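Chains as they are written, first to last, in full-length UniProt numbering: chain A, 1 to 272; chain B, 1 to 272; chain C, 1 to 272; chain D, 1 to 272; chain E, 1 to 272; chain F, 1 to 272. Single-structure report; data block below.
There are 6 protein chains.
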Amino acid sequence: MTQTPKSKPFHRLLLTGAAGGLGRMLRERVKTWTEIVRLSDVADMGAAAEGEEIVRCDLADNAAVRAMMEGVQAVLHFGGISVEARFEPIMQANILGLYNLYEAVHKAGVKRVVYASSNHVTGFYQTTELVDATMPQRPDSFYGVSKCFGEALSRYYYDRFGIETVCLRIGSSFPEPRNARMMTTYLSYDDLVELIRCALFTPRVGHTIAFGNSDNDTTWWDNSQAAHLGYQPKDSSRAFAHLFPDTAERPPADDPTTIYQGGPFVLAGPQY
Amino acid sequence: MTQTPKSKPFHRLLLTGAAGGLGRMLRERVKTWTEIVRLSDVADMGAAAEGEEIVRCDLADNAAVRAMMEGVQAVLHFGGISVEARFEPIMQANILGLYNLYEAVHKAGVKRVVYASSNHVTGFYQTTELVDATMPQRPDSFYGVSKCFGEALSRYYYDRFGIETVCLRIGSSFPEPRNARMMTTYLSYDDLVELIRCALFTPRVGHTIAFGNSDNDTTWWDNSQAAHLGYQPKDSSRAFAHLFPDTAERPPADDPTTIYQGGPFVLAGPQY
Amino acid sequence: MTQTPKSKPFHRLLLTGAAGGLGRMLRERVKTWTEIVRLSDVADMGAAAEGEEIVRCDLADNAAVRAMMEGVQAVLHFGGISVEARFEPIMQANILGLYNLYEAVHKAGVKRVVYASSNHVTGFYQTTELVDATMPQRPDSFYGVSKCFGEALSRYYYDRFGIETVCLRIGSSFPEPRNARMMTTYLSYDDLVELIRCALFTPRVGHTIAFGNSDNDTTWWDNSQAAHLGYQPKDSSRAFAHLFPDTAERPPADDPTTIYQGGPFVLAGPQY
Amino acid sequence: MTQTPKSKPFHRLLLTGAAGGLGRMLRERVKTWTEIVRLSDVADMGAAAEGEEIVRCDLADNAAVRAMMEGVQAVLHFGGISVEARFEPIMQANILGLYNLYEAVHKAGVKRVVYASSNHVTGFYQTTELVDATMPQRPDSFYGVSKCFGEALSRYYYDRFGIETVCLRIGSSFPEPRNARMMTTYLSYDDLVELIRCALFTPRVGHTIAFGNSDNDTTWWDNSQAAHLGYQPKDSSRAFAHLFPDTAERPPADDPTTIYQGGPFVLAGPQY
Amino acid sequence: MTQTPKSKPFHRLLLTGAAGGLGRMLRERVKTWTEIVRLSDVADMGAAAEGEEIVRCDLADNAAVRAMMEGVQAVLHFGGISVEARFEPIMQANILGLYNLYEAVHKAGVKRVVYASSNHVTGFYQTTELVDATMPQRPDSFYGVSKCFGEALSRYYYDRFGIETVCLRIGSSFPEPRNARMMTTYLSYDDLVELIRCALFTPRVGHTIAFGNSDNDTTWWDNSQAAHLGYQPKDSSRAFAHLFPDTAERPPADDPTTIYQGGPFVLAGPQY
Amino acid sequence: MTQTPKSKPFHRLLLTGAAGGLGRMLRERVKTWTEIVRLSDVADMGAAAEGEEIVRCDLADNAAVRAMMEGVQAVLHFGGISVEARFEPIMQANILGLYNLYEAVHKAGVKRVVYASSNHVTGFYQTTELVDATMPQRPDSFYGVSKCFGEALSRYYYDRFGIETVCLRIGSSFPEPRNARMMTTYLSYDDLVELIRCALFTPRVGHTIAFGNSDNDTTWWDNSQAAHLGYQPKDSSRAFAHLFPDTAERPPADDPTTIYQGGPFVLAGPQY
């Protein structure tokens, strides 16, 4: 009896947040790299297609997360809450959930995590500043604060246990920019997939923080600290420049959403 | 009828963690600055003395924290868990508890918080490195990670709402150094009190991160980013040098507790 | 009665120095952005074409400058002296003149200025050094000193009054490089126009210092602090490499005009 | 015939601004270093005492300044306007006057200048920031802008002609602190004299920028770039701490004079 | 009698190490720049072709090196040992040999040297770090240490005698990458030749340290300090990506050859 | 039979260069720390006193060095040539000798070396610059180059084999300053001994570079990267200020020995 030669680098990848916007897009794209993709979300993900395993799971449920991790080689963690919300649910999903995830990763012997962090970790820097991965965090929201926690927790698991993580400070990953700010923060789906590929296959990443944006004309982020990943974006928001012409109305220069990189997030926190 | 002249700068300060080691020491010392000190802890604090108000309160109880904050002008936040422990209780006390505290601070119109952060926020730097407040966090424990969260959350409340916080990365504040490592990290009680005084009375602190150590011969921390506080330590661990003579046995140079600034904390995390 | 739709982003731009080398080139090019261009210079500018207003004005004349600013939305300040000269006329044109300009800007409610600074602000850095916008100025001439003044004055008007300025440290903007040094400092006309466009239309610029050079093979300038402008040069001096072949005679390596970035300017100051 | 042995290091020092507050104090103190002190001011300086030469001179008068410089070995330049004022007189005294001074210095072969710059060169940094001599200028007033000019001009004369200057960014040099801000910026007369001594006698100073403050508890300035001067302040504002007790009323933390290092200067510019 | 016009910028270049791998490749390529190439090696170089001079020479022989330098205008120093070996022969060839070379250079009045340094000067940085020319050396082998010596010696000859050197920290210059590590360190022959051209013809180089790699997707090196050279690589290891697919076996992430940039060199030192 | 309790931290220290100026001073002083001091030099060291072992040894003799290292716990390496000389003897003593020393250290299992480097490693920085341990070397002599080699070699032995070294960039260690330059570079014997003590007894030093100067008023060196050593100088050259009064003649400001930190060394190299 002959054995099928190994044609994909991974046997089983876990993709969390598979019912979310990016998760649905990645569901197909990750199959290039893995024979089996295990899909997880708290929401419904439909039926499992070929090469898929469906595990519905609340990240705040320690035992469930641990079970979900069995047999996994690497994790793409896109689960949790990815917009501003009240603190308590964010804490459950993005803080307790992340702890549960890393404990499971550790116990299952998983060696690498690609973690969907966010540009909102540094959203309170000004739009005239250039931010790199070594500068202090300045979160713009509870959501941003929870991602700061995630970067700290994953750093701990690397320093303490050698579990490698690439934290992707994702900009705005949509089919196209939705407002003028996204001309700077835009990350095309293809470029996001390429960035994840780099994060998965670079021989050693330690604990790397990488900004996720396409090759847009403007940028607020200096990604040189992640040069070892080899991420080379192929797309650019300039393909959409016609959507935001110089004649368009814009908020005044002293509007908080113009002053700060986080844009509308800087006003989206608790209202009293 | 004559009015008693104001003789103390604050009318009411809140001291959380009043039943803890540092809280018990501070209970008396803070009375220099305030007519009334409101004392809070989840544990028993004994009876209220003159000028004291006792509020027993679980920081994880949002409503209780909010009630505790009424009429307060400034907060010395020494509450929560200050050693390594399982993640869940740390999360309740140091993460949910801190959120509750800042929400109450915001709603009560309090303008300044002195927050007991910890050197364990950067405990995974090596003992041959000089760390300053602008360098990335490298927590050495779940406890350290929770303090990273606290620094991020307080930064957010400053950038978003203008609430000022001084984060004190306290070294080892005990009557005297308990081991050789504490010759570097020692912070005398008098120096801690002086540091808190600076944090309370500097006209503007924004969001300041300050290391808390006495004027010891060795240091791992560059406190120049907090020079505006005017903290001038008067004590030094060198008064205790005889306790740790050059002839003493020490762990080898390649022991993790010698390599990393966090000392024993770097091994104190989850055991499997 | 129907209203003509707005087809250009500005109603009236002021271009000073309109009779100068760059001013004459810009006179036509700016019309893309503005319905009316007001042209100003102390020298003759010929007759006003359609969409042009001609205001002959000495920048040292406070009242005249103030009158010139009426109804203006943004300023492209290319006026003043742009070569080395005696100090007194430079002071009149570039120092008193600039003060007059900013006072008028302030009083007229203009919100943004594009200021033609110069690479001669840093001309005494060596040609083996990489200069960025945060490094101390090292002017190479009285002209350069006057541009240092301009960067300081515009910084003040931003910090004090919120008037935004982009200081362009223009290299050598000519139809083509005129000597070997300009292979490094060359800025094509098209790239200058694009840089001005970025400076005008970036939603927020605060006080930005940007180097103005094309995408030449060699550079002495790190423009990353201006990444938020989104300036992407399209031209390069390499198109003119044949003019300065490796076989050409060059000044020796220890000639001041070779040692310092300012080239001939470093010798052009007062002669005794 | 015997020759009197040289007992003072300089034969003739020029002190400009001799009628001003610091000038009057320095008039006696500089005699330690020089056989003759030439005193200059636009205002009356009284009669010449032994070892003094009086030269009344408007710095804006090129010929007069040149005459004043004859026979001088080094210059202490404390002349000009040292408070916020209208731009034109500041320009005459601090810009044209400084040009005249350096031209005269150059022609007379003077090799060293001690230049009274000001902390208002960086007055728009925040009171939570630590400023050093390599950071960009952020002037808080026309006065501050004129001192930025002076630092640039003196840099030019050093790079071009080798004339050495020490720019002293003087804090608040008075008999004692006059307000709470001066607890940070205080420079005692003795310490100022010592700083000038260091600036005069260090064998080589090139172009040095040094902050002038006493050994106060709080500071906003990192003077390490001037460590080669060997300036060691002996006084401290803490001797005056009782004048500004913690119980004193202070402006709120979000008042511009509290936010920015320049204090009242940040509001002292042109009023409309 | 007519004179042949000068058609090549140099009359005589010296290429040392001409029998080595890179030397053999360069032997032909350098003829573009020089009428005569003097070839030197301790090993046999075959017969001299047109425009060639053959000088067999042991670099450790001071007199021979001095003779070899007669009439030379510039040196491409690729001689010595370029792999890990015992210390003594490395010292003879790379330390004593280099001293001999620079003494001869000095005495012969040669003004510029292109020195083949190596990435192994910084081989003990981790593969997640970005190294630039200003960071401390971290050699990974005796070979690397000898190149550290070379960078220090050439710096001395520049600071003391004005002899210019470009130190090329060459990555892996082969026809194609030989292992996965070389996907990052690859330097094509064409790009090496271009880098040498830049090093020879930039009007002034002082003492420049430049990393030598092609435009590969991943990099560990920030070459911005050599921007004045104008080196623009045209090739990239991505042309060979198919040789090292994501499915390939790789050493584990915690293998020293994966952790450190030096790869196998970090284990190649003395074995006991 | 009772055993004498251990009263000194080391059993046997090796002091090389014991016949040199610093070696003779240290010979007695080190006995505080060690029961036996093994003394080594190529020159005569007199007879062995109690607690001393004399080993006459040429550092260039590999076997002799290896024998000398038997039974040694730590090394104070003050041997070799410590002034400018011809290159060949420097290479034998300071390059080959150092290699021999570290090979012997490695084979004997010695874990820590205190290495007498020199300020001449950075002697070509200017006397207006502040140098720290992370900045590139700029040696001022062959001697300085040999110490650059030593810092690189010891770095290699640490990164590769974990052998810890403290490189002491010793200033001018004499009973008192011998010239005006030494007012800045002075290191008293007591302070040198204290610095060595710190280097020996700090629990972990990795590879540390420390500047060796007393608490002089002026300094060119920022020693903060060695703060973990806890070196606190007690002496200062200001005790000798009367030897170099302000009235003394000094070399002009543009003399190389005044411009560069290395002083006379910058002119002491090869003469032609």
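Heads up, the beta-carbon is just placed ideally off N, CA and C, and yes, glycines get one too. A quick note: this is a predicted structure, and the numbers were derived from the prediction, not measured.
Apart from the 5 residues on each side of it in sequence, F161(B) sits with its Cβ closer than 8 Å to the Cβ of H106 in its chain, given in chain order.
In this chain, H207(B) is not harboured by any alpha helix (DSSP H); it is covered by the beta strand (DSSP E) spanning 207-212.
Looking at Q232(D), V131(D), M182(D), A85(D), the one whose alpha-carbon comes closest to that of A199(D) is Q232(D).
Boundaries around T257(A) are those of the alpha helix (DSSP H), 256-259, since no beta strand (DSSP E) includes it. Proximity to V72(A) across R56(A), H120(A), N223(A), H11(A) peaks at H11(A), based on C-alpha coordinates. Bridge pairing for C167(B): Y115(B), I209(B) [DSSP]. Three or more beta-carbon pairs separated by less than 8 Å are not found between the region 45-64 of chain D and the region 249-262 of chain C, which leaves the two stretches without contact. For the region 219-234 of chain D, the set of positions with a beta-carbon nearer than 7 Å to some beta-carbon of chain C is empty.
Taking a cut-off of 8 Å on C-beta distances, the region 210-222 of chain C touches the region 166-185 of chain C, as three or more cross pairs fall below it. Membership of S154(B) in the alpha helix (DSSP H) is indicated by the continuous run 142-161. If you draw a straight line from the Cα of T134(C) to the Cα of T134(A), it comes to about 18 Å.
Among the residues of the region 232-266 of chain A, those with a Cβ less than 9 Å away from any Cβ of chain C are R238, P245, D246, T247, A248, R250, P251, P252, A253, D254, D255, T258, I259, in the order of the chain.
Taking a contact as a CB-CB distance under 8 Å, the pair Y158(B) and E164(B) counts as one, their CB atoms being some 6 Å apart.
L168(C) is positioned such that its CB atom lies no closer than 8 Å to that of Y99(C).
Q232(B) carries a coil assignment under DSSP once its states are collapsed to helix, strand and coil.
For G20(B), not one C-beta of chain D is nearer than 8 Å to its own C-beta. DSSP places L192(E) in the helix class (H, G or I) of the three-state scheme. Against chain F, a Cβ distance below 8 Å from G46(D) picks out nothing, because the smallest value is about 28 Å.
Going by C-alpha positions, G206(D) is about 50 Å away from D235(A). Considered as a whole, the region 19-74 of chain C harbours 21-29, 62-68 as its complete alpha helix (DSSP H) runs of no fewer than 4 residues, in chain order. As the crow flies, the alpha-carbon of V113(A) is around 16 Å from that of D254(E).
If you ignore the 5 residues before and after T258(B), its C-beta comes within less than 6 Å of the C-beta of P251, all in its own chain and listed in chain order. In the three-state reduction of the DSSP assignment, Q126(C) falls in the strand class. Shown in chain order are the members of the region 62-96 of chain E whose Cβ falls below 7 Å from a Cβ of chain F: F87, M91, I95, L96. Only buried fits D140(C), as 16 or more other CB atoms lie within 10 angstroms of its CB.
In chain order, M25 place their CB closer than 6 Å to the CB of Y189(F), counting only its own chain and leaving out the 5 sequence neighbours on each side.
Interface residue (Cβ-Cβ distance to chain C less than 8 Å): L26(A) is not classified as such. Look at R204(C): its C-beta is not under 8 Å from any C-beta on chain D.
S82(C) is classed as buried because its beta carbon has at least 16 other beta carbons within 10 Å across all chains shown. F10(C) carries a strand assignment under DSSP once its states are collapsed to helix, strand and coil.
Here T32(E) is exposed, its C-beta having fewer than 16 other C-beta atoms within 10 Å. Rounded to whole angstroms, the separation of the alpha carbons of N223(B) and D44(A) is 51 Å. Secondary structure at T16(C): strand, using DSSP grouped into helix, strand and coil. Membership of E249(E) in any alpha helix (DSSP H) is not indicated, and neither H nor E is assigned to it by DSSP. For V110(A), the three-state secondary structure derived from DSSP is coil.
Taking T247(C) as reference, the option from R238(E), L192(E), A226(E), T202(E) with the minimal CA-CA separation is T202(E).
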